[in-house]
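What follows is a short report on a single structure.
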Amino acid sequence: MMFQQEFKFMLYFYILLTLFFIINNINFPYHNIVYAQNYGWDYEGTEGPAYWAKVGEELTICVIGRQQSPIEIRDSDAKKNEELPKIEFFYQSVPLKIQNNGKTAQINYPKGSYVKIGGVKSELMQFHFHTPSEHFIGQKASDMELHFVNKKEDGSLLIIAVLIESGKNNTALKALLKNLPLAKGTETSLPYITINPIDFLPASTKYYTYKGSLTTPPCLEMVEWYILKEKIEISYEQVKQFRKLFPINARPTQPLFSRHIEEKS
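Each residue of the sequence shown is one higher than the last, beginning at 1 in UniProt numbering.
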């Protein structure tokens with residue numbers, strides 16, 4: 001009898017301890033989680049996406065997960081839903097500060113900027129770029145993709161993706177792309193230049209949405225994705241400015257499996 005009581009106590013203790021670690025891991029800072037520095041990974045070669053799961057046991061989800069990102073979005077898979085809420089942006093202007101983390105150009109954001117979707121508030125943590133785009137629309141990649149990484153109150157992420165095509169020169173992104181820090185681990189600070197992410201958005205914010213993951217290790221399946229349907233343009237010279245530092249930093253598309261894609265049109 002005493003043994004059973006001790007066993008139950010230890011079992012309850014283990015469950016509570018596990019929940020404690022889960023809760024605390026959910027609420028860690030997200031400035032660097034999207035580009036985890038503790039893993040030896042890359043976008044090509046023997047450290048490329050096909051090998052991410054071999055880096056460590058905790059990264060097996062990159063291969064066996066069934067809600068991985070990015071994905072290819074086809075009209076046949078997207079279900080139109082006019083009742084989906086609109087995205088309300090409350091992003092603020094801040095002095096320009098760009099970080100080269102070795103994987104991309106990233107702009108970390110102070111508190112105070114957020115989005116609301118269906119009344120739910122998500123705070124902007126950072127935004128960064130990929131080339132080519134990670135998400136495909138109708139079997140086609142865009143030249144680049146911009147990710148706004150927002151954190152919900154429950155600790156999960158809400159990422160808004162803006163697809164970018166070569167075209168007209170983009171004056172809003174000019175200062176950012178012109179001042180990319182050249183060396184890994186360095187940061188360019190330009191306090192006399194202010195930026196506002198709202199200036200990087202297309203005129204229409206209608207979107208596709210689905211449940212997915214981080215597109216980099218640790219590939220955690222904790223992301224609500226919003227892919228804006230309308231693209232923005234930057235000049236080909238601006239694309240080359242980014243690709244000079246980051247020739248390719250996009251994960252291949254992942255299987256959709258049984259997930260649903262909804263479309264606000």
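C-beta: ideal position from N, C-alpha, C; glycine also.
Owing to the predicted nature of the structure, the values given are computational and were not obtained by experimental measurement.
Determine the burial state of V115: buried for a count of at least 16 other Cβ atoms within 10 Å of its Cβ, exposed for fewer. buried
Going by CA-CA distance only, name the one from F90, E134 and T188 that's closest to Y43. E134
Rounding to the nearest angstrom, what Cα-Cα distance links C219 and V149 in this structure? 14 Å
Where do the ends of the beta strand (DSSP E) carrying I117 lie? Y114 to I117
On the DSSP letters alone, give me the boundaries of the beta strand (DSSP E) that K244 sits inside. Element bounds for K244: not the beta strand (DSSP E) but the alpha helix (DSSP H), Y236 to L245.
Nearest-angstrom Cβ-Cβ length linking Q238 and L146, presumed shorter than 8 Å: No, Q238 and L146 are not in contact; Cβ-Cβ is about 12 Å, not under 8 Å.
Determine whether the beta carbon atoms of F127 and I107 lie at a separation below 8 Å. yes
N169: buried (16+ other C-beta within 10 angstroms of its C-beta) or exposed? exposed
Proximal residues to F246 (C-beta, below 7 Å), its chain only, five neighbours per side dropped: T104 and T131
According to DSSP, is G212 helix, strand or coil? strand
Going straight from the alpha carbon of R74 to that of I137, what length do you get? 6 Å
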